[in-house]
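Report on the structure given below.
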Amino acid sequence: MLTSDLYRHNRNAYARYLISRNIARFSNTAYYIYFMWEIIANYHSVLLVSLIPGFSFLGYLIIAIPEGSIIDRYDRHLIYIGINILMVLTYSILFFGRSLFIIYAVDFLSSTFMWVVSDDFRALTKEIMPADHMAKAQSADQLSSGIFTLAGIILGGAFIFMRYSTVYVALIGISIFALAIIFVPRTIKVSHRSIVKNGFRSTVKIMKNILPFLLLTLLLNGMFVAIDVFASGLINIIMHASSIYYTFFIAGFPAGMLAGGLISMHGFYRPYQRNKRMMAFYIFMTGVIFILISFNRLPVMDGILTFLSGVILAFINVYIETMIINSIPSSITGKFNALTAMFSVSSSPVMAFVFGELSRFLYFPYIITVVGVIMLLSSFTVIKIMEGFNSAMEKIEKENPELF
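Numbering (the working numbering), first residue to last: 1 to 404.
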């Protein structure tokens, strides 16, 4: 069957997986936004707020290794269904109250399951999408992610004005809908998946060869969490603005990703999708935007700046995700996703806590300034790192053809 026919055959299934994943993200984002504002409004503590993103990433670090092995060994569709059932049960815990313990526990569990859904989705994408349509699939991913994350932020902001019972009933209902949508038609697997011995050893070998690339993602993830930690504090404590401006500020990011996804789907942008110099420029401009956010005192302007950073992040994600999914063999996709994500996001809970703790002693907008400067400096290493990634993967494919 031609790849164009395969694409048409599997497109409906891919769309269902994508929408289900994004509906889960929609509920997760709404939860995130609502409780971060609740904590800053009730406790006036940036440190307590920083624990929300901290617990969000901590769960994944714990489950990543067994999760990767399970995704590679068992039916990925059934895993998708099972995790969505657990999401429904997790949000049901909110029925028992909204103490800090319950808030952090549900955050920990729901975010952990969200990470698993995302990794399983990436593995399914590798299985059912032809390589020559992967960039288009990633652009659609960025576009739809922006739409659903933006909707989640708006819903989270709206939750602030609603009764608590409405909040947890809505979250449970959304999760049930995400579960219902993934009963998909049969798909044709494009990428062969064999069970390889010592899969983790092979994965670690690949990771060693692309270590500079992983260090770059580690740095970027750690720096981006600054916006999560300080957003509510910037709006509430520094600018003394209302929750409406907080929602606008946070919404700028996914709105920008939506716009970036739309742009990346157009033909005129294709020459830039794999341009290493543009990748370096994107990271440089992200650093500039962070510095501007740290000095700005107009809530509306911060929303515009986060919008621009969202556009740039969409371009970065399309580049990186297409490169990774096309390069990594399906036989170890789950393990690779788990280990590399664990590696790259491990800085996020640590930096969330560090940023929160530093805010007790330092004027936290200055911390954002330092983050921006670090991003500026890291942009000068990008071209060499991306060239090294491509060379390393070519070498691995020649030395380990059984994986591919």
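Glycine included, each C-beta is placed from N, C-alpha and C at the ideal position.
Proximal residues to residue i (C-beta, below 7 Å), its chain only, five neighbours per side dropped
{"i": "residue 177", "result": "23"}
{"i": "residue 143", "result": "258, 261, 262 and 265"}
{"i": "residue 223", "result": "371, 374 and 375"}
{"i": "residue 36", "result": "49, 52 and 232"}
{"i": "residue 351", "result": "222 and 225"}
{"i": "residue 93", "result": "102, 105 and 106"}
{"i": "residue 338", "result": "64, 65, 67, 68 and 119"}
{"i": "residue 400", "result": "202"}
Chain-order list of residues whose beta-carbon lies under 8 Å from that of residue i (same chain, five-residue window excluded)
{"i": "residue 104", "result": "51, 52 and 55"}
{"i": "residue 256", "result": "146, 306, 307, 308, 309, 310, 311, 312, 313 and 314"}
{"i": "residue 213", "result": "385, 386, 388 and 389"}
{"i": "residue 80", "result": "17, 20, 117, 120, 121, 124 and 182"}
{"i": "residue 70", "result": "79 and 334"}
{"i": "residue 297", "result": "238 and 239"}
{"i": "residue 353", "result": "50, 51 and 54"}
{"i": "residue 211", "result": "none"}
{"i": "residue 2", "result": "Low confidence applies here, because residue 2 scores a pLDDT of 44, under 50, leaving its location unreliable; read the following figure in that light. Result list for residue 2: empty, nothing under 8 Å."}
{"i": "residue 95", "result": "168"}
{"i": "residue 171", "result": "27, 30, 31, 91 and 94"}
For residue i, the three-state DSSP class (helix, strand or coil)
{"i": "residue 391", "result": "helix"}
{"i": "residue 133", "result": "helix"}
{"i": "residue 359", "result": "coil"}
{"i": "residue 224", "result": "helix"}
{"i": "residue 21", "result": "helix"}
{"i": "residue 97", "result": "coil"}
{"i": "residue 400", "result": "coil"}
{"i": "residue 210", "result": "coil"}
{"i": "residue 383", "result": "helix"}
{"i": "residue 160", "result": "coil"}
{"i": "residue 183", "result": "coil"}
Range covered by the alpha helix (DSSP H) that runs through residue i
{"i": "residue 77", "result": "76-92"}
{"i": "residue 302", "result": "299-327"}
{"i": "residue 239", "result": "Here residue 239 belongs to no alpha helix (DSSP H), and DSSP marks it neither H nor E."}
{"i": "residue 255", "result": "243-265"}
{"i": "residue 365", "result": "364-378"}
{"i": "residue 291", "result": "276-295"}
{"i": "residue 102", "result": "100-128"}
{"i": "residue 70", "result": "46-73"}
{"i": "residue 177", "result": "164-180"}
Neighbourhood of residue i by C-beta distance below 6 Å, restricted to the same chain and skipping five residues each side
{"i": "residue 115", "result": "60"}
{"i": "residue 333", "result": "123 and 126"}
{"i": "residue 321", "result": "138"}
{"i": "residue 251", "result": "150 and 153"}
{"i": "residue 30", "result": "152, 155 and 156"}
{"i": "residue 179", "result": "84"}
{"i": "residue 303", "result": "248, 249 and 252"}
C-beta neighbour in chain C for residue i, strict 7 Å
{"i": "residue 71", "result": "In the structure shown, chain C cannot be found, because there is only a single protein chain."}
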